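Enquirer: For the sequence shown, the positions run 245 to 456 when our numbering is used. We put the CB at the ideal spot given by N, CA and C, even for glycine. This one's a predicted model, so the numbers in the text were calculated from it and none came from an experiment.
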Amino acid sequence: MNQTQNELNNLYRRYMLRARQRDQAAVCAFFRLADPVFHQFACIPYFRSLLGKEETYSIAAETAMEFLLYHPVENTHQDLPRLLKHRIRCDLINLAHKKERRDRMTRQPAVPQDRIDDETEDADESGLLPADPRKEPENLLLQKETVRLVHASLPRLKEQEQDIIRRFYFRNQGVAGIAREMHLSENRVSVEKRRALQHLKAIFNELRLQEP
245 MNQTQNELNN LYRRYMLRAR QRDQAAVCAF FRLADPVFHQ FACIPYFRSL LGKEETYSIA
305 AETAMEFLLY HPVENTHQDL PRLLKHRIRC DLINLAHKKE RRDRMTRQPA VPQDRIDDET
365 EDADESGLLP ADPRKEPENL LLQKETVRLV HASLPRLKEQ EQDIIRRFYF RNQGVAGIAR
425 EMHLSENRVS VEKRRALQHL KAIFNELRLQ EP
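1) So what does DSSP say about Gln417, is it helix, strand or coil?
2) Between the alpha carbons of Gln284 and Ala340, how many angstroms are there, rounded?
3) Among residues of its own chain, excluding the 5 on either side of Ala305, which ones have a beta-carbon nearer than 6 Å to its beta-carbon?
4) Using the C-alpha atoms, what's the distance from Asp267 back to Ser429?
5) Restricting to Cα atoms, I'd like to know which of Phe412, Tyr314 and Glu425 is closest to Ala440.
6) What number of angstroms, rounded off, separates the C-alpha of Asp279 from the C-alpha of Gly418?
7) In or out: Lys402 buried (at least 16 other Cβ within 10 Å) or exposed?
8) Quick one: give me the first and last residue of the alpha helix (DSSP H) that Lys457 is part of.
9) Helix, strand or coil, according to DSSP, for Leu427 in the structure here?
10) Short check: CB of Val435 to CB of Ile422, under 8 Å?
11) For Ala308, count neighbouring Cβ atoms within 10 angstroms of its own Cβ and tell me buried if that reaches 16, exposed if not.
12) Should Ala286 go down as buried or exposed, given a rule of 16 or more other Cβ atoms within 10 Å for buried?
So this is what it looks like as structure tokens:
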């Protein structure tokens, strides 16, 4: 880093340390320093077209607040401004990709390739998915009749199971994303998802038997 970058890095570190001691002035000073970065991302056409300028700015600011309060600062050789930009960029890209996937599903529902491995893990055990989802990406949970059964069955699942099923099958989130947002381990999410699918299968059978 050159002298100017080093001075900026030291300011970042100083404000981050003081903010963690509940120094409100340090929080404000940090955000004044970072504000041009938020505007820079908000003006990028890709993010602006998918998320909107104000939403992009808001997401960048939220990421910066998390960075301010929780990013480790013990290593004095870190380039904190660069790391903050990288964190913001990653969060925005993830959200933009989710928005693109939702838009594609609205036009033509399909199972994205990056979720196929997650789904094949439960295919044989649950009996809810086709034997070879790679050949049949429109799996049963996305078929009209099964979606109707899912909606009818969800209230009979535990609250956490309902949340995971909704996120996985209707919001198009993968295990890693669900784990991050629900503050659970990926293994825990996989276990809960498998259990929820088993419960759904049993409920489906009940509902089908009750139908005329």
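Expert: Quick answer:
1) coil
2) 16 Å
3) Phe282
4) 33 Å
5) Phe412
6) Looking at the two C-alpha atoms, the distance is approximately 32 Å.
7) The residue in question, Lys402, is exposed, as its Cβ has fewer than 16 Cβ neighbours within 10 Å.
8) Outside the modelled stretch of the chain, which goes from 245 to 456, sits residue 457, for which no answer is possible.
9) The sequence given here has His at residue 427, not Leu. It is coil, neither helix nor strand.
10) no
11) It counts as buried.
12) Residue environment: Ala286 is assigned as buried (16 or more neighbouring CB atoms within 10 Å of its CB, all protein chains considered).
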